[in-house]
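Here the structure comes first, spelled out in structure tokens, and everything after it is commentary.
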Amino acid sequence: MKTFCGRANPTTGAMEWLEEDESYDYHQEIARSRYADMLHDKDRNVKYYQGIRAAVSRVKERGEKAIVLDIGTGTGLLSMMAASAGADFCYAVEVFRPMANAAVKIVEKNGFSDKIKVINKHSTEVTVGPDGDMQCRANILVTELFDTELIGEGALPTYEHAHKHLVQEGCEAVPHRATVYVQLVESRRMWSWNKLFPVRVEAEDGEKIIVSPSEMENCPGVPSVCDIQLNQMPSSDFTILSDVVTMFSVDFSKPVRSASTCYRVQLEAIKSGKAQIVLSWWDIDMDPSGKINCTMAPYWVKPTSALQWRDHWMQCVYFLPNEEAVSQGENVYLTAYRDEYSLWYKLQKAREEENKADVRVESPVCRCQAHLLWNRPRFGELNDQNRTCQYIKSLVKVLKTDSVCLCISDGSLLPVLAHYLGAKQFLKANHLEDKIKILEARPESLTSSHLEDKKISVLLGEPFFTTSLLPWHNLYFWYARTAVTMHLASDVTVLPQSASLHMMIVEFQDLWRIRSPCGTCEGFDVRTMDDMIKNSLNFRESKEAEPHPLWEYPCKSLSDPQEVLTFDFRRTVPQHCLSAEGSLNLLRKGKSHGAVLWMEYHLTADISVNTGLTQISNDKGNCEWNPHCKQAVYFFSSVIDSETQTDLPSAVTYTINFDPKTGEITMDFKL
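Per UniProt numbering, the sequence shown starts with residue 1, numbered consecutively.
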């Protein structure tokens, strides 16, 4: 059965109706899931197995039957661990039907069907009793309900319900407890993801400074956590202002409360600076003694231990509502507020007495709209002075005193820059409300009266659009330029004048794991899961590139970067397809995991802005990437390992097609 789905095409801007298979959503869910990443997380799996064995032993030593409740079972892995550790019976709860069906097959394949019952329900709907889903309450509670923030996937209400209705009082829990840690830091780089810094513009009549309005300056931002691979953040990009302290712990073996609350700790500043950021992570103890510990601590906290790479649990960056100057030796009070699903922080100099029971916890809300329009990388991009300088240099080249400019980009500072640099026509904080006209119209709906019957002499774009996911989605600028052709002067200057698509073959240090089959996990056969993911990828996703911020995911180049397609914005979008065929020679030994693609925008003939590779930093081919943009990654279905091949250089051949009707770029690679 087919169904019609409406979607706004991010490249062409058109509203489209696509005929999709009814299982499209399910395939997307599986293909984009992080199940493979979790199964590859050796540290997590080993620690869970150790914790489960210990919990089963403690119950058996008391002369009781070991009855396990596994909430969010996924593949059934933790239930199979419990059964093989000697549990008498396991109830494995999984709400996602395709996953529950896979768990049934995996449990059967591993010979545990008589010991494990898979229940396809939300745990809050599970019944207990002679005619219920569970015959009796469990005395061992096993779960893996955590995200990077610990509580973002609803762990607290799930535990609260389980203790009330599904497990015995005094049950064993794996994990036994979770502890959240915090550290106060100053970081211009991370702070630039949350506030707009002043922009300096050198104009003919002196330096001008673009400042953000006070409501933006004082806005607390959005409450959603910023989760990143902190292990890729160099220590030169932040200054530590406090020791690591425990913010709070949750004991999962006892009844859990999900109601909103707050926690307060006293910190001593170990260095003077501006307190801007709270870095946070958690660990879990799989046993009551804390001997079996799984931690998300970043590299500078546990410098001696080998770091386990994982993408399903990372570290958290929280932005304080305002930066606060602290002096070395000064005591400050950090408060963590939480509701059922999220956390946020406040720093105070003096202790404020608050009755915890009466605390009214309201999460921060963006009042300036900027945090709703710009995501964190976009704030970082707007604050990148080097990037801004490229635009200023190119604007100086093309603007005249009588230029009439039209800027097509989302939430861009280009109109303000253009005005300061002398454009005649084109915001309260910078007193430009009479100089810049904001047109609330789509490009194709633009009329002469919108433009006061003037012809556009300079068409500007970064280009940046909030709907863009993949690098080439910003080609919407080209479609917009085509739509406004009738309003352009015959000698119009278009900035950027063109764009090019670039590509390179890479070996990933770790990111390959999210696409790699697992086979067996801790001795259990999970190939059913591998097949399920592969089937969903083959449905569509394996033929598509996906966006990843590669500054967080180290890789090395195996080929030189190559320009594969160019798009000339001085002309309208062509009717015919643009195609490129060729090959990339593999110059270094390594595993060819996939191709990375990115865009470069040529503002003028000699000034460009790059959204991808910034440099290959050494002979090993280690890559450095634009930190404000996501690059496109196309994973190869089979990996070529040139470590084992003697006849270097081998090559990867490619075919790339741009279809102007759909705005889509399709690609095919042969190894």
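Ideal placement from N, C-alpha and C gives every residue a C-beta, glycine not left out.
Query: Three or more beta-carbon pairs under 8 Å between the region 583 to 598 and the region 546 to 561, yes or no?; Result: yes
Query: Do you know whose CA, among Ile210, Ala203, Val278, lies nearest Met190's CA?; Result: Val278
Query: When DSSP labels each residue in this structure, what does Ala429 get in the three-state scheme?; Result: With a pLDDT of only 46 at Ala429, under 50, the local geometry of the prediction cannot be trusted, and the value read off the model is given with reservation. Ala429 falls in the helix class under three-state DSSP.
Query: Within the continuous alpha helix (DSSP H) that includes Val104, where are the two ends?; Result: 97 to 109
Query: To the nearest angstrom, report how far apart Val59 and Ser113 are at their CA atoms.; Result: 22 Å
Query: Just to confirm my understanding: we take Ser212, look at its own chain, exclude 5 residues before and 5 after, and list those with CB closer than 6 Å. What are they?; Result: Leu196
Query: Rounded to whole angstroms, what is the Cα-Cα separation between residue 672 and Gln348?; Result: A question about residue 672 goes unanswered here, because the residues of the chain that appear run from 1 up to 671.
Query: How big is the Cα-Cα spacing for Ala466 and Val225?; Result: Here residue 466 turns out to be Thr, not Ala, going by the sequence shown. Thr466 and Val225: Cα-Cα distance of roughly 19 Å.
Query: Using 8 Å as the threshold, is the region 176 to 193 in touch with the region 232 to 246, meaning 3 or more CB pairs across them?; Result: yes
Query: Alpha carbon to alpha carbon, how far is Tyr263 from Trp309?; Result: 30 Å
Query: Just list the alpha helix (DSSP H) runs in the region 28 to 66, keeping only unbroken ones of 4 residues or longer that don't cross its boundaries, in chain order.; Result: 35 to 39, 42 to 61
Query: Which same chain residues, not among the five before or five after Val174, have their C-beta less than 6 Å away from its C-beta?; Result: Gly51, Ile52, Ala55, Val142, Met286
Query: Would you decide whether Cys5 is buried or exposed? Buried here means 16 or more other CB atoms lie within 10 Å of its CB.; Result: exposed
Query: Kindly list the residues whose CB is nearer than 6 Å to the CB of Thr12, restricted to its own chain and excluding five residues on each side of it in sequence; keep chain order.; Result: Tyr479, Gly663
Query: Please report the distance separating the alpha-carbon of Gln497 from that of Val398.; Result: 11 Å
Query: Can you look up Ser236 in the DSSP assignment and give me helix, strand or coil?; Result: helix
Query: Below 8 Å between beta carbons: does that hold for Gln390 and Leu603?; Result: yes
Query: Put Thr179 into one of helix, strand or coil per three-state DSSP.; Result: strand
Query: Cα separation between Leu495 and Asp37?; Result: 42 Å
Query: Distance, Cα to Cα, Cys629 vs Gln615?; Result: 15 Å
Query: Contact check, Ala269 vs Gln328 under 8 Å by CB: the rounded distance?; Result: 6 Å
Query: Let me confirm a value: Asn218 is counted as buried when at least 16 other C-beta atoms fall within 10 Å, else exposed. Which label applies?; Result: exposed
Query: Evaluate Cys407 with the Cβ neighbour count: other Cβ atoms within 10 Å of its Cβ, from every protein chain shown; 16 or more gives buried, anything less gives exposed.; Result: buried
Query: Which residues bound the alpha helix (DSSP H) around Ser394?; Result: 385 to 398
Query: Would you mind working out which of Ser500, Pro10, Phe636 sits nearest Thr653, comparing C-alpha positions?; Result: Phe636
Query: Which residue wins for smallest C-alpha separation from Gly86, given the options Ala325, Val95, Ile116?; Result: Ile116
Query: In this structure, does DSSP put Phe379 in helix, strand or coil?; Result: helix
Query: Sorted by chain position, which residues of the same chain lie with C-beta nearer than 6 Å to Gly273's C-beta, five sequence neighbours on each side aside?; Result: Glu186, Thr239, Leu241
Query: If you reduce the DSSP assignment to three classes, tell me which class Trp313 lands in.; Result: coil
Query: Taking contact to mean 3 or more Cβ pairs, one atom from each stretch, closer than 8 Å, check whether the region 140 to 157 and the region 69 to 76 are in contact.; Result: yes
Query: What is the rounded straight-line gap between the Cα of Tyr299 and the Cα of Leu475?; Result: 39 Å
Query: Short check: CB of Tyr553 to CB of Gly594, under 8 Å?; Result: no
Query: Would you grab the beta carbon distance between Pro660 and Gln575 for me? Rounded to a whole angstrom, and I think it's under 8 Å.; Result: 7 Å
Query: With DSSP collapsed to three states, give me the class of Arg588.; Result: coil
Query: Quick check: the Cα distance between Lys302 and Val639, rounded to an integer number of angstroms?; Result: 33 Å
Query: On the three-state DSSP scale, how would you describe Phe408?; Result: Reading off the sequence shown, one finds Ile at residue 408, where the question assumed Phe. Three-state DSSP puts Ile408 in coil, outside helix and strand.
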